[in-house]
Amino acid sequence: MYDDIFRSLTRQKWLPIALATIVLGATLSTVSPAFLTFSNLESILVQSSVTAIMAIGMAFVIMSGGIDISVGAILFFTSALFAQLMMDTGSYPLAFAAALACSTGLGLLNGILVVRFGISPLITTLATYSIYRGAAIHLTGAQNIPVPREMGFLGNGEIWGIPVPILLLGLIFVIGIYALTQTRLGVYVRAIGNSDRSARESGLPIARVTIAVYAIGGVLAGISALILLARVGGLQSGIGIGIEFTVIAAVILGGTKLTGGTGTVTGSVIGAVFLVLIDNGLNLMNASPYIYDIVRGGVLLVAVAVDRISALRRERQLRLQKTARLRETHGLA
Amino acid sequence: MKDTATKVSPILSVRGLSKTFAGKPVVRNLSFDLHPGQVMALVGENGAGKSTTKNMICGLLEPTDGEIQLDGETFARVDPSAHGIAAVHQELSLFQTLTVAENMSIHHLPGSPVRVDWAAADRIAREQLDFLGMGIDPQVEVATLGAGKQQIVEIGKALLQANRVLILDEPTTSLTAIEREKLFAILDRLKERGLAIIFISHFMEEIYRVCDSYVVLRDGEQVGAGKLAEASRKSLEAMMVGRSIGEARLELTDPQERLALRVEGLCSADFHNVNFTVAAGEILGIAGLMGAGRTELAEAIFGLRPATGKVVVGEEEIRAPSVAAMKRRGACYVPEDRRLNGLFLNRPVRENLSAAAIGRFVTRKLRSIGFRGEVKSAAKIVDDMNIAVPHIENAVGDLSGGNQQKVLLGRWLATRPRLIVFDEPTKGVDIGAKFDIHNTISELARDGVGVVMVSSDLPELLNTAHRIVVMRKGRLVGQFHRDEFDAARIISLAASAGKPADV
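Chains A and B, in that order, are what the protein sequence lines are. Under numbering that gives the first Met the number 0, the first residue of the first sequence carries the number 0, and numbering increases by one thereafter. Under numbering that gives the first Met the number 0, the first residue of the second sequence carries the number 0, and numbering increases by one thereafter.
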């Protein structure tokens, strides 16, 4: 039985990042006794929640063979819309509904553009990134808008003693895993990401699934926007800049392949936590703020290099197998 | 058994089935009946229309004309899942990153959209795999299975849908001898179940092993049909090849003594211990079926694929082959897919022609920056090769396939090579351009260039080559000189399953 658990554990694609996170955590706890306190760990999870939630959406997009550069802009647009509506109307139901509908809509638009025009998702979402961000600045007149103090509940409040962002992350995490492993959509996402040709030949609803994953990416960016807005207390012009890098890095670190077809929700969340841990560690070491980006980029590079090397090794193995088959076919020794 | 089969009404009847692509008929007036428990061989050379026929019957293509009857009902277009027809294509359509169970039931995932019943999917896959007699775990990722098991999974997947007709397109090309026998045993059991099977293969032994009846296609036309027991292998091969063999033949000059290329003991994952030579002024044809390893061989010579062995160009052994290294020694490779691998479609003909020899045109003096003589050279090639283009500044993408191929050929000729390797030099090219290209190739040989020509178009090889070597499943299995060319023997050698003869 332990054998079974061990075997199924080693098959998990998120295992490497989980081990790396544990090692990093252990290292940090020896460097600083403040690290392994309950409040610090909790704060790390809260800090990770925004990128982790977005990473779950991005995992779906990347598994389907796409990429979404515009998530940071969707986050910014949603924040702007919410803050502006709250300032103008003061109605929470209206602002929440508008924020969620709008973020879903922007994601849908990404998906429709990708499907309808068949342009590479990278270029499509690079364009919408600029459009969404520009539109948001236009909408708010580039001003900082505070949100009412009660909003803070979403960012810093607690239910049953658990911070709300962690609860939200947990909920979305469970839904994400369920959607990926138990629904038709989940299978189709991986199938389409693996082989467009086969998906076409099998008659899978490629267009609908593609649009759906971008919409999922959009709505999760919207939810993240609300948490972030609550945590920082209002709209600021810098919100969401560069966050797409962190989100994509979290997904890739988590063991999802940029080529699509395979990936994990769990790994993406752990990847997001890992990146926060790195920041946390650098912070504990009083590192210069300029070092952060260098370290993040370096970590991502190492992760993809390791992945590439193992892929090359697999390729070589396949080639050897093929040679062996060829010899067998001809009855050669 | 066969006699009782013909008494029951046919499960599939095809009447006057035709398909035209862009005005060009690819399949014409095809008619046959298929009964339950019957296996029909669909044979023909590459490009005879087998794939188009397959795609019409399994619903991927809509026929231009004719009708398909299933159990007496007529349909304009087949709906594969509703009609119980499925095809296993030569190129597998499995999702490598999905599990076996996920792959097998991807068409009809059990349960609801928001809750797939994985237990049921697993059970369905297990039952099917048990029936096929293969110990494959439904829970493993397909990528971890070998080619043989993947083929079985693909068949299992098709069988979940096919309760009437199963189409198998070259199902054995990636199988070892043992796996092939297992597959045939499975087919026998499917026959007993009353399934009708269309079996597309080049391998005559297999056809006689599994099939009851046959339909022969040539150039899209049905040139023969009947019971296999009444047709000899020779007669089938004769029908496939037709009478057109040995008609037009190019006048060739004798090759020189000097060698242009020597390949010794070349091995890779796709071929084994390949040896051959090409003399200067000689045209060597490499014949074989698709998947025999011919393109891989050509690519390996130019370092595009990893391989071990010796490649000698002229007198010099190339230690680390690469396209650039080969080019420096005057050897060039003209790949099969010209759009993908060769031409810059949105650039003018002039630039495409000079691309490989650009160094010759670059003037070194600062005063006259630019490419001297490029226009002149391009105009000369266009003229020499009879390329139909309004102006050399027109984009290559605007030209017809034949003229595009000529541009690609012309580009390499601009480098004044001593060795050229062609992969399918006239694929998808009209007859006039084909004629021009063949002439150009024979002129090259006359000028002392060594030519290797990989082609699936056997008449083309018979027409243009001094010598033909035959490749089968990664090995050279025979060689023919021009005076002993025999289309039927070449085809038979390429497609036989026996031990290779010594070359």
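We put the beta carbon where it would ideally sit given N, CA and C, even for glycine.
Inset, instruction - Check the Cβ of B:E101 against every Cβ in chain A and list those closer than 9 Å, keeping chain order. - result: V186, R189, A190
Inset, instruction - Decide if B:H271 is buried, meaning its Cβ has at least 16 other Cβ atoms within 10 Å, or exposed. - result: buried
Inset, instruction - Output yes or no for whether 8 Å exceeds the beta carbon distance between B:A47 and B:D218. - result: yes
Legend entry - Cβ-Cβ distance between B:Q95 and B:A142 below 8 Å: yes
Inset, instruction - Within 10 angstroms of the Cβ of B:A291, are there 16 or more other Cβ atoms? Answer buried if so, exposed if not. - result: buried
Inset, instruction - State buried or exposed for B:K53, treating a residue as buried only when at least 16 other CB atoms are found within 10 Å of its CB. - result: buried
Inset, instruction - Within the same chain, show all residues whose beta-carbon is closer than 6 Å to that of B:A100, passing over the 5 residues directly before and after it, in chain order. - result: A120, D121, A124, P137
Legend entry - Any alpha helix (DSSP H) of 4 or more consecutive residues that is wholly inside the segment 300 to 351 of chain B: 322 to 327, 337 to 340
Legend entry - Within chain B, the residues that A:E314 reaches when beta carbons sit closer than 7 Å: Per Cβ cutoff of 7 Å: no residues; A:E314 is ~10 Å from chain B at best.
Legend entry - Which of helix, strand or coil DSSP assigns to B:A500: Note that B:A500 scores a pLDDT of 44, beneath 50, so its modelled location is shaky; the value from the coordinates is reported in the next line. Residue state, collapsed to three classes: coil.
Legend entry - Own chain residues within Cβ distance below 7 Å of B:P170, not counting five before or after: V87, Q150, L182
Inset, instruction - Could you check the C-alpha separation between A:Q46 and A:V272 for me, to the nearest Å? - result: 8 Å
Inset, instruction - Just confirm the distance between the C-beta atoms of A:G253 and A:W13, as a whole number of angstroms; I'd bet it's less than 8 Å. - result: 6 Å
Legend entry - Test item: CB-CB of A:L234 and A:L228 under 8 Å: yes
Legend entry - A:A79 burial status per 10 Å Cβ neighbour count (16 or more: buried): buried
Inset, instruction - Starting from A:L325, find everything on chain B with Cβ-Cβ shorter than 8 Å and list it in chain order. - result: A268, D269, F270, H271, K472, G473
Legend entry - Through-space distance from A:L170 to A:Q181, alpha-carbon basis: 16 Å
Inset, instruction - Can you have a look at B:E373 and say buried or exposed, based on whether 16 or more other CB atoms are within 10 angstroms of its CB? - result: buried
Inset, instruction - Could you spell out the range, first to last residue, of the beta strand (DSSP E) harbouring A:C101? - result: Careful: A:C101 lies outside any beta strand (DSSP E), inside the alpha helix (DSSP H) at 91 to 116.
Inset, instruction - Answer with buried or exposed for B:T51, where buried requires no fewer than 16 other C-beta atoms within 10 angstroms of its C-beta. - result: buried
Inset, instruction - Provide the residue span of the alpha helix (DSSP H) that contains A:E243, from first to last. - result: 242 to 252
Legend entry - Counterpart residues of B:Q478 in DSSP-defined beta bridges: B:V468
Legend entry - Complete beta strand (DSSP E) runs within the segment 380 to 430 of chain B (minimum length 3 residues, chain order): 418 to 422
Legend entry - Sequence-distant residues of its chain with Cβ nearer than 7 Å to A:A206 (five each side left out): V114
Inset, instruction - Kindly identify the DSSP beta-bridge partner or partners of B:G57. - result: Residue identity check: residue 57 of chain B is Cys in the sequence provided, not Gly. Per DSSP, none; premise fails for B:C57.
Legend entry - For B:G110 and A:I158, the rounded distance between their alpha carbons: 36 Å
Legend entry - Below-8 Å beta-carbon distance, A:G260 vs any chain B residue: yes
Inset, instruction - Determine, using beta carbons only, whether B:G22 comes closer than 8 Å to chain A. - result: no
Legend entry - Where B:G245 falls: helix, strand or coil (DSSP): With a pLDDT of 44 at B:G245, under the threshold of 50, the predicted position of this residue should be treated as unreliable, and no value is reported.
Legend entry - Closest by C-alpha distance to B:L265, when choosing among B:E256, B:A259, B:T276, B:Q255: B:T276
Inset, instruction - Have a look at A:E149 and B:E90 and give me their C-alpha separation to the nearest angstrom. - result: 60 Å
Inset, instruction - Would you identify the three-state DSSP class for B:F270, choosing helix, strand or coil? - result: coil
Legend entry - Span separating the alpha-carbon of B:A330 from that of B:E314: 13 Å
Legend entry - Interface positions of the segment 112 to 126 of chain B facing chain A (Cβ-Cβ less than 9 Å), listed along the chain: P112, V113, R114, V115, W117
Legend entry - A:A51 and A:V250 closer than 8 Å at C-beta: no
Legend entry - CB contact flag (B:F198, B:I185, <8 Å): no
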